[in-house]
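Working notes, beginning with the structure itself.
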Amino acid sequence: MSPDSENQPSVEADLAAMRVGYAVQGSNPPVPESNLSAEALVGGWLPLLRRWLDQARNAGVAEPNAMVLATVDEAGRPASRTVLCKGLSEDGLVFYTNYGSNKARQLAAAPYASATFAWTAFAHQVTVRGPVERVAPEVTDAYWRTRPRGSQLGAWASAQSRPIDSRAALDDRLAETAARFAGVDEVPTPPEWGGFLIRPETVEFWQGRANRMHNRVLVTRVADGWSAERLQP
Ligand SMILES: Cc1cc2nc3c(=O)[nH]c(=O)nc-3n(C[C@H](O)[C@H](O)[C@H](O)COP(=O)(O)O)c2cc1C
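Quick note: the sequence shown uses our numbering, first residue 1, plus one each step.
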């Protein structure tokens with residue numbers, strides 16, 4: 001793991017100079033420091049995550065429910081991609097995907113994930129880690145019915161993560177799918193599509209502060225609820 005001295009990346013001046021000195025963020029009301037205290041979070045992670053999500057949504061942040069989902073592949077190597085959080089409760093966080101996709105195959109073999117929200121406009125980050133399971137088919141069906149028809153047809157047409165020869169071939173698959181369901185009012189849920197629930201074991205809240213002295217509070221599931229501790233930035 002020592003550096004390969006022959007083959008090192010150069011430092012790009014533009015990127016190196018990009019830096020934000022976090023203070024209280026803009027005109028949006030900051031979440032009071034007291035909300036981020038370890039004592040406040042002993043009651044659990046859900047209220048503050050909701051609050052930060054609502055704050056981002058109310059400020060017009062694009063896709064505020066987007067989270068980067070990390071899984072582990074067959075070789076034990078990390079893999080990550082963005083998904084949308086479509087359910088949030090004491091049980092955990094739900095996202096929907098294709099059950100034949102790379103992420104779903106990885107989760108079948110190693111049912112554990114890490115998901116990170118980053119609302120950089122607020123200098124807020126939340127990382128949730130825990131075991132993952134499929135949601136019940138009724139839960140998937142209830143969400144499926146809320147999806148626009150175009151998204152439903154797209155889910156039927158795409159064998160997510162598997163190769164296809166061309167864009168034209170993909171467009172043909174959508175056209176075939178649209179024709180197949182032309183007379184069908186309610187497109188059924190594809191058998192290969194559904195939700196996953198991440199059941200949080202740890203939730204870390206990060207709030208940027210001046211001089212890189214950020215706030216970090218790690219909330220951990222314990223036998224009778226949640227414990228919380230402050231971490232150094
Ligand atoms: C903002 C954003 C939201 C996304 N939401 C989802 C989602 O909810 N479900 C999903 O399967 N893919 C979603 N994607 C696409 C994934 O990032 C990814 O490309 C796809 O799921 C295939 O990943 P995989 O091959 O690792 O399984 C989203 C991408 C972006 C940029």
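Beta carbons: idealized from backbone N, C-alpha and C, even for Gly.
If you run the structure through DSSP and keep just helix, strand and coil, what is residue i?
i: S27; result: Because S27 sits at a pLDDT of 48, beneath the cut-off of 50, its placement in the model cannot be relied upon, and the following sentence gives the value as read from the coordinates. S27 falls in the coil class under three-state DSSP.
i: Y112; result: strand
i: R199; result: coil
i: D63; result: Reading the sequence as shown, one finds Glu at residue 63 and not Asp. DSSP places E63 in coil when its eight states are reduced to three.
i: V222; result: strand
i: Y143; result: helix
i: A159; result: coil
i: W52; result: helix
i: G43; result: coil
i: R149; result: helix
i: E186; result: coil
i: G21; result: coil
Beta-carbon within less than 7 Å of residue i's beta-carbon, same chain only, minus the 5 sequence neighbours each way: which residues are those?
i: A157; result: R173, L174, T177
i: S80; result: V68, L69, A70
i: A250; result: Here the chain has residues from 1 to 233 only, and residue 250 is not among them.
i: R212; result: P233
i: L153; result: L174, T177, A178, F181, V187
i: V42; result: W226, S227, A228
i: L48; result: N35, L41, F205
i: A104; result: T97, N98
i: I164; result: L170
Based on the DSSP output, what are the partners of residue i in its beta bridges?
i: F205; result: V126, V217
i: L88; result: L93
i: A79; result: T71
i: E133; result: L197
i: A118; result: Q125
i: N98; result: W193
Looking at the secondary structure, which residues open and close the beta strand (DSSP E) in which residue i lies?
i: S34; result: Looking at the DSSP string, S34 is not in any beta strand (DSSP E), and its letter there is neither H nor E.
i: T71; result: 66–72
i: E229; result: 225–231
Does the distance from the C-beta atom of residue i to that of residue j stay below 8 Å?
i: P190; j: A155; result: yes
i: G100; j: V94; result: no
i: L197; j: E133; result: yes
i: W226; j: G44; result: yes
i: Y22; j: R216; result: no
i: N102; j: S161; result: yes
i: A115; j: Q125; result: no
i: F122; j: A56; result: yes
i: N58; j: W193; result: no
i: V31; j: W52; result: yes
i: L46; j: E90; result: yes
i: Y143; j: G195; result: yes
What residue does the alpha helix (DSSP H) around residue i start on, and which one ends it?
i: S10; result: Unbroken run through S10: none, as it is neither H nor E.
i: A168; result: 167–180
Once you ignore the five residues that flank residue i on each side, which residues in its own chain have a CB closer than 6 Å to its CB?
i: P148; result: none
i: E204; result: T127, L218
i: G26; result: Since pLDDT at G26 reaches only 48, below the 50 mark, its modelled position is unreliable, and the value read off the structure follows with that caveat. Nothing meets the Cβ criterion.
i: D141; result: T189
i: R230; result: A38, V217
i: A223; result: none
By Cβ distance, which residues of its chain are closer than 8 Å to residue i, with the 5 residues on each side in sequence left out?
i: E201; result: R129, G130, P131, T220, R221
i: Q106; result: T71, V72, D73, E74, A79
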